[in-house]
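Structure, as structure tokens:
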Amino acid sequence: MPNRTPSPKIRALEDLFQAVLEKRVNKAVVEASKPFSDEARPEDVAYLIDSAILRGVGFDLLKPAVSKLLNLLYDPLRAFRYAGGEVFLDSLMKENRGAIEVLAEARSAVASLNAAGTSRPPELERIRSFAERLGALEIHYLKKENILFPAFEARFPEYRCVQLMWSIHDDVRRSLRRLRELCEDAESMVSELNGEIGRLYFNIHAVIFREECIVFPILSGLMDPADLDDLFEESRAFGFCFLSEPEIRDLMSRSRRRPEEPEERPAILCSEGTGAEVPRDAEFRVETGSLSLDVLEALFRVLPVDMTFVDAAGRVSWFSNGPHRIFARSPSVIGRDVRNCHPRESVDRVVAILEDFRAGRRDHARFWLDLRGRFIHIEYFALRSPEGRFLGTLEVSQDLTEKRALQGKKRL
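With the first letter of the sequence shown counted as 1, position 162 gets the number 174 in my numbering; the numbers rise by one all the way through.
Right under this line is the structure:
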């Protein structure tokens, strides 16, 4: 949807949303907007959220306001719920049904916890098991963040609703981590356990509604079936969550490329910017030697680091694809604005580093963190031509857990 002069409907919805943000919604406000709110479409909601983010409305304020707005627009929006038909979106819908089933099964565990009035080991074990099962949502969220969101950003100018959705993904992740911590402590308060479970239930259902009634309907109308099928091919590398083997086989049977068929390798590589075709048997030559493209490709696969290159314009243009990547990547990320590759809460720090590199204020930045019990080291390097022209940024990530534990020496 291009930038436009707001229609009477959009102006009415903007007024309603502003009333929600300012916490002055009442019956009169709702009734005044009703002729227009009853006609709300997914694109309208995406536009409202995008506009709010561009105006600088903080996510802490935006999250509850959007939830309230969607509650007011629930009936017209649910009429647009994605009806199915494309295997990629269908696979995500099936995973949503699985997540809802796990949430429903947790009700009995919560009821037992509340009936006991205290966090006894049996109740804690049931809650812990629930949290572990629900942790499979990570697969679903990674597919969205690395495949679905880039496709949406590339095709829908007012795409920033997915940034808000990503932030809610992170809220779910935090709640799951906290729930696991609470289950390790026999003294955990029932009220705190209930609070985290309640937040999980609310946020997961909120994300599912926004997927199925806003993002999926918009994207399915913007993409050709063949392009959506390509997204499913990418998603297979991430696996599936909450699905049975027969369900997975059914999805695979609908794919253009069957699981047993090897992926075709291109006979040529295109030299971007020149239109030249580079044969696969060509060599990469520098003053320190030469490598064939096949060897170069194999080299990147076995290096014990993940690498991603962001060009001078701030777009992802290449990543290494080893078998044990630390941070997920998919072909959909190519060409993506790097600002959209990070959660809202951390993107400003990334942008600041890239701006420093571009301005020549520094050439290197590094970080380290604990990720699921692994020690991860991350470095950013500014790449420059011999004349000093900024070419882009190389991100290098490495799991140093085992190397940090080395002691003594081991010689050849």
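Note that CB positions come from ideal geometry on N, CA and C, so glycine has one too.
These numbers come from a predicted model, not from an experiment.
Cα-Cα separation between residue i and residue j, rounded to whole angstroms
| i | j | result |
| --- | --- | --- |
| Ala44 | Arg36 | 13 angstroms |
| Ala417 | Phe379 | 19 angstroms |
| Leu255 | Leu263 | 10 angstroms |
| Tyr213 | His354 | 25 angstroms |
| Ala148 | Glu107 | 10 angstroms |
| Cys253 | Arg145 | 9 angstroms |
| Leu160 | Gly97 | 16 angstroms |
| Val78 | Ile61 | 8 angstroms |
| Leu82 | Phe71 | 16 angstroms |
| Ala238 | Ser203 | 49 angstroms |
| Arg172 | Gly334 | 31 angstroms |
| Leu305 | Ala166 | 30 angstroms |
| Val322 | Ser329 | 6 angstroms |
| Asn215 | Lys46 | 27 angstroms |
| Ser120 | Ile139 | 10 angstroms |
| Asn158 | Arg211 | 25 angstroms |
| Pro85 | Leu412 | In the sequence on display, residue 85 carries Leu and not Pro. Cα to Cα, the separation comes out at about 49 angstroms. |
| Leu33 | Ala64 | 10 angstroms |
| Ser283 | Val307 | Bear in mind that the predicted position of Ser283 carries a pLDDT of just 44, short of 50, making it unreliable; the figure below should be weighed with that in mind. Taking the straight line joining both Cα atoms gives about 18 angstroms. |
| Ala24 | Asp382 | 47 angstroms |
| Ile220 | Lys155 | 14 angstroms |
| Arg313 | Arg297 | 19 angstroms |
Residue i in three-state terms, based on DSSP
| i | result |
| --- | --- |
| Glu193 | helix |
| Ser267 | coil |
| Glu399 | coil |
| Gly110 | helix |
| Ile388 | strand |
| Glu414 | helix |
| Leu308 | helix |
| Arg297 | strand |
| Leu406 | strand |
| Arg423 | coil |
| Cys282 | Only weak support is given to the placement of Cys282: the predicted model assigns it a pLDDT of 49, under 50, and the value that follows is read from those uncertain coordinates. Strand at Cys282. |
| Ala340 | coil |
| Leu315 | coil |
Endpoints, the alpha helix (DSSP H) within which residue i is located
| i | result |
| --- | --- |
| Ile365 | 356-371 |
| Val32 | 20-33 |
| Phe254 | Counting along the chain, Phe254 falls outside any alpha helix (DSSP H), and DSSP gives it neither H nor E. |
| Asp56 | 54-66 |
| Asp72 | 71-84 |
| Val41 | 39-49 |
Minimum Cβ-Cβ distance from residue i to chain B less than 8 angstroms
| i | result |
| --- | --- |
| His181 | This model lacks chain B altogether; it includes just one protein chain. |
Nearest-angstrom beta carbon gap, residue j and residue i [assumed within contact, 8 angstroms]
| i | j | result |
| --- | --- | --- |
| Glu51 | Lys21 | 6 angstroms |
| Val99 | Arg266 | 5 angstroms |
| Gly404 | Ala324 | 5 angstroms |
| Ser344 | Leu243 | 7 angstroms |
| Phe369 | Ala394 | 4 angstroms |
| Ala143 | Leu188 | 6 angstroms |
| Leu89 | Val57 | 7 angstroms |
| Ile151 | Phe250 | 6 angstroms |
| Ser302 | Glu309 | That belief does not hold up - the Cβ atoms of Ser302 and Glu309 are roughly 14 angstroms apart, past 8 angstroms. |
| Val350 | Gly385 | About 28 angstroms; that fails the 8 angstroms criterion. |
| Glu224 | Arg93 | 5 angstroms |
| Leu234 | Leu101 | Contact flag wrong, Cβ pair sits at about 12 angstroms. |
Extent of the continuous beta strand (DSSP E) to which residue i belongs
| i | result |
| --- | --- |
| Arg378 | 376-383 |
| Glu199 | Run containing Glu199: none; DSSP gives neither H nor E here. |
| Val1 | Here the chain has residues from 13 to 424 only, and residue 1 is not among them. |
| Phe331 | 328-331 |
Please specify which runs of the alpha helix (DSSP H), each continuous and at least 4 residues long, are wholly inside the segment 88-164, giving them in chain order.
99-128, 133-146, 149-155
Contiguous alpha helix (DSSP H) assignments of at least 4 residues, all confined to the segment 204-251:
228-234, 237-247
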